[in-house]
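Under the working numbering, think of the first position of the sequence shown as 14, with each following residue one higher.
In this text, a Cβ means the ideal position worked out from N, Cα and C, and glycines have one as well.
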Amino acid sequence: MLDFIFKPESIAVVGASEEEKKIGHVILKNLLTQGYAGKLFPINPKRKEILGLKCYPSVSAVGEKIDLAVIVVPAKVVPSVIKDCGEAGVKGVVVITAGFKETGEEGAKLEREILDLIKKYGIRMVGPNCLGVINTELGMNATFAPELPPKGRVSFFSQSGALGVALIDWAIGSGFGFGKFVSFGNKADLNETDFLEYFGEDEDTDIILGYIEDVKDGKRFIEVAKRVAKKKPVILIKSGATEAGARAASSHTGALAGSDRAFTEAFRKAGVIRVEGIKELFEVAEVFKSGKFPSGEKLLIVTNAGGPGIIAADTAEKNGLKLYPMSKESIEYLAEKLPPTAALYNPVDVIGDATSERYAVVLERAMVDPNVDGVCVILTPQAVTDVENVAKIMLEKSKETEKPFVGCFIGGPKVREATSYLKTNNIACYEDPLIAINAYSKLVHYVKYKHREEDEYIKFPISEEVKKEIGFMLEALRDAGVSVIGEENAMKILSLYGIEFPKRGLARTADEAVRIAEQIGYPVVMKISSPHIIHKTDVGGVKVGLKDEKEVREAFVEMTINVKRAMPGAYIKGVNIYEMVTGGKEVILGVTYDNTFGHMIMFGLGGVYVEVLKDVSFRLTPVGKREAYEMIEEIKGKKLLEGVRGEKPCDKDAIVDKILRLSQLVEEFPIIKEIDINPYLVKEVGGVALDARIIIG
Ligand code: COA
């Protein structure tokens, strides 16, 4: 628990100053004048008194218990101050000072030094290079932002201090309440996951917001976020592309993943709501403030203007919401109460001359109607619209139901007061139907996550001998300097984990090729086998549909001559003879690796669909059964797998089985960084992989 940072009983400000322009002065003044009631100790060896408080030469000279020290002395002095804090038994430090890792190697060295010291003394640290900590409930402003934001039940953590200052100012301007705030700067010790965990446990926090640029420990982040998001919404902005080289992208799968995909997948796995910018962050947060959650996707739109109703309906559908008409009884009731020109279906249009009574009629029915899980109330301020009354009715009715209402009051001065009245009463109200519905749909998706059961993680029985065999093989290849494992070895490893490949054999002579072809049965496919040739077709190293002994013999000779001519230096092991597989649909299965979150499995339709349309889906490992099915559902071309124009559907279970097997393989052999299985032919029943590549590192 980090209560000693967010609810300290006593705070020392080290580097407190008399000079008004200095940060050490501002922070002490903020703490002294904005409501913090705990004990305050200014520390500065040059002063006897600052802002009327007794000043001490060092933290250890105070002689009383100190929970938190806010450090605002120049960087080179910070280590000695931390040492002093350690000797004095301080539990937490907030290092505002800049000039550490962010400035280069010298600074990084200094940062390591203070990190060693806090570890030695068992101190927890926020920063360095941060804005500080706020708890509005305690009137505690341990930052150099001039004012506290209004009180509220939304807490915020930020990797950027400057953004923090801007947000606090914005919150003051718009009346958006915050509970706790922390800017964690270089996060040398405490990082995003620690604050997420703390806010998750914090009884005064209902909604968690955050701004992050990277994540320190991806696996722990997912584990904690998953748990916290089950309790309360976590809404994050993630900016900044992954550092160059953070992801090895030598495989097809890696290239398709791009630099940001792992974050999207991590957030999805953990139920974190991702938003793109600051405005959206607050727009989405608003919708969660009512604490009411829709029990499903059925949204009713009620409007006094046709156009905005249509925009809302379109946006709702795009976001997967369901716009059902209300029940027969409700529609009959509305027909009786509303004018004949009103539209009774969904959106319900109470038309331009509607007063608040018409809205009330619709809301009353919506509250009890089984076809409605939540309502979006759209209003444009027309001549007879009693805007304030509509807002009052919304609030009144919302008190009688668990179904969430959101407002969309479009206009300027005429709707301003009503909008702010609703917001103050925790009913979200927007000025654009698109934004209103986007925010509302985040609420619906969050509820789905909240009630989602834990996925089923399947463990295929792989014997210890098999694991040992693969382990030896991978290590031997690595020791031999191999990073890209080609067809034969890749097939061998993947076969041991239950991925099917065609019957095959390696022939070193034409006679041997014929013998193997006869064992397999005609027709066969022949491919040159050489560790130096990756694109076999380009050098004439592939022949398909060979029907008899003669064709196989000729192909063997022609192929070896072709390849020797095209690549004289290449070592040729022989020619692989494969069973010729026909039918089925080409899909691609792959694995890529992200330095923050680990392995991701990819699935997509093969050929042009992956090359041109990049129609693929990803999930981080370990992949659960539900996630594997979602991967198939997610791709745009999924209908092609279900069978079009009288075709039989493909075996989705076989694809799921392969996704789960790949997930298990890479979890058990982390040395594998990437895999491409391209294509995998999926048939009516089962499937078979035609080519594979594994990259280790
Ligand atoms: N213990 C206590 N006080 C000490 C001290 C010590 N060991 N050593 C020095 N001090 C005092 C100084 O005497 C001074 O007090 P004074 O005004 O009475 O002389 C005070 O601490 C501050 O030191 P000073 O040298 O005047 O530094 P500063 O106030 O100009 O700058 C920082 C200090 C921390 C603000 C500055 O180094 C810094 O890092 N600025 C950037 C902060 C930032 O942007 N952070 C990230 C935000 S997102």
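Starting from residue i and walking both ways along the beta strand (DSSP E), at which residues does that stretch end?
i: residue 389; result: 387 to 392
i: residue 25; result: 23 to 27
i: residue 153; result: 153 to 156
i: residue 316; result: 312 to 316
Is the separation between the beta-carbon of residue i and that of residue j shorter than 9 Å?
i: residue 540; j: residue 584; result: no
i: residue 695; j: residue 668; result: yes
i: residue 671; j: residue 511; result: yes
i: residue 195; j: residue 18; result: yes
i: residue 501; j: residue 542; result: yes
i: residue 306; j: residue 459; result: yes
i: residue 250; j: residue 221; result: no
i: residue 229; j: residue 210; result: no
i: residue 593; j: residue 559; result: yes
i: residue 773; j: residue 56; result: The displayed coordinates of the chain run from 14 to 710. Any statement about residue 773 would go beyond what the structure contains.
i: residue 193; j: residue 149; result: yes
i: residue 715; j: residue 197; result: Nothing can be reported for residue 715, as the shown portion of the chain is limited to 14 through 710.
i: residue 295; j: residue 287; result: no
i: residue 98; j: residue 25; result: yes
i: residue 469; j: residue 239; result: no
i: residue 61; j: residue 22; result: no
i: residue 108; j: residue 95; result: yes
i: residue 128; j: residue 201; result: yes
i: residue 64; j: residue 45; result: yes
i: residue 675; j: residue 614; result: yes
i: residue 679; j: residue 513; result: no
i: residue 404; j: residue 358; result: no
i: residue 488; j: residue 684; result: yes
Which term fits residue i, buried or exposed, when burial requires 16 or more other beta carbons within 10 angstroms of its beta carbon?
i: residue 366; result: exposed
i: residue 708; result: buried
i: residue 752; result: Absent from the model: residue 752. The displayed extent of the chain is 14 to 710, so no value can be given.
i: residue 607; result: buried
i: residue 692; result: buried
i: residue 38; result: buried
i: residue 622; result: buried
i: residue 157; result: buried
i: residue 547; result: exposed
i: residue 635; result: buried
i: residue 77; result: exposed
i: residue 189; result: buried
i: residue 603; result: buried
i: residue 110; result: buried
i: residue 612; result: buried
i: residue 32; result: exposed
i: residue 6; result: Summary: the structure shown does not reach residue 6, with the chain confined to residues 14 through 710, and so no result is reported for it.
i: residue 574; result: exposed
i: residue 521; result: exposed
i: residue 706; result: buried
i: residue 14; result: exposed
Along the chain, where does the alpha helix (DSSP H) containing residue i start, and where does it finish?
i: residue 400; result: 400 to 411
i: residue 12; result: This structure cannot speak to residue 12, because the chain is shown only from 14 to 710.
i: residue 322; result: 319 to 331
i: residue 433; result: 426 to 437
i: residue 3; result: Here the chain comprises residues numbered 14 to 710, so residue 3 is not present and cannot be evaluated.
i: residue 19; result: 16 to 19
i: residue 376; result: 369 to 381
i: residue 480; result: 477 to 492
Report task. Please determine if the region 626 to 634 and the region 656 to 666 are in contact, where contact requires at least 3 C-beta pairs separated by less than 8 Å. Result -> Cβ pair count under 8 Å is below three, so no.
Query raised in the report: What runs of the alpha helix (DSSP H), each 4 residues or longer, lie entirely inside the region 658 to 706?
Result: Fully enclosed alpha helix (DSSP H) runs of 4 or longer: 665 to 681.
Requested in this report: Jot down the residue ranges of each uninterrupted alpha helix (DSSP H) in the region 495 to 531, minimum 4 residues, whole runs only, in chain order.
Outcome: Taken in chain order, the complete alpha helix (DSSP H) segments of 4 or more residues contained in the region 495 to 531 are 500 to 509.
Requested in this report: Enumerate, from N- to C-terminal direction, the unbroken beta strand (DSSP E) stretches of 3 or more residues contained entirely within the region 99 to 136.
Outcome: If we require 3 residues or more, the beta strand (DSSP E) runs fully inside the region 99 to 136 come out as 105 to 108.
Query - Whole runs of the alpha helix (DSSP H) within the region 165 to 253, excluding any shorter than 4 residues - result: Annotation note: the region 165 to 253 contains the following uninterrupted alpha helix (DSSP H) runs of length 4 or greater, listed N- to C-terminal: 174 to 187, 205 to 214, 231 to 244.
Requested in this report: Evaluate contact between the region 234 to 243 and the region 281 to 290, counting only Cβ atoms and requiring at least three cross-stretch pairs below 8 Å.
Outcome: Output reads yes: the region 281 to 290 touches the region 234 to 243.
**Report entry** Inter-stretch contact (C-beta, 8 Å, three-pair minimum) for the region 410 to 423 and the region 339 to 347
**Finding:** No, they do not touch.
Requested in this report: Evaluate contact between the region 141 to 157 and the region 107 to 117, counting only Cβ atoms and requiring at least three cross-stretch pairs below 8 Å.
Outcome: By the Cβ rule, the region 141 to 157 counts as touching the region 107 to 117, because three or more pairs are nearer than 8 Å.
Query raised in the report: Does the region 209 to 225 touch the region 465 to 475, meaning 3 or more C-beta pairs lie closer than 8 Å?
Result: Output reads no: the region 209 to 225 does not touch the region 465 to 475.
Query raised in the report: Curious, which full-length beta strand (DSSP E) runs of at least 3 residues does the region 29 to 100 contain?
Result: You should have 52 to 56, 81 to 84.
Query raised in the report: What beta strand (DSSP E) runs, 3 residues minimum, are completely inside the region 582 to 620?
Result: Entirely contained in the region 582 to 620, the beta strand (DSSP E) runs reaching 3 residues are, in chain order, 587 to 592, 598 to 607, 611 to 618.
Query raised in the report: Would the region 368 to 379 and the region 430 to 448 be scored as touching if the rule is three or more Cβ pairs under 8 Å?
Result: No: fewer than three Cβ pairs fall under 8 Å.
Requested in this report: Kindly confirm or deny that the region 342 to 358 and the region 472 to 484 touch, where touching means at least three C-beta pairs closer than 8 Å.
Outcome: Segments in contact, no.
Requested in this report: Tell me, please, whether the region 157 to 172 touches the region 120 to 129 by the rule of three or more beta-carbon pairs shorter than 8 Å.
Outcome: Taking 8 Å as the limit for Cβ pairs, the verdict is that the region 120 to 129 does not touch the region 157 to 172.
Report task. Give a yes or no on contact between the region 386 to 397 and the region 304 to 322, applying the rule of three or more CB pairs nearer than 8 Å. Result -> The region 386 to 397 is in contact with the region 304 to 322.
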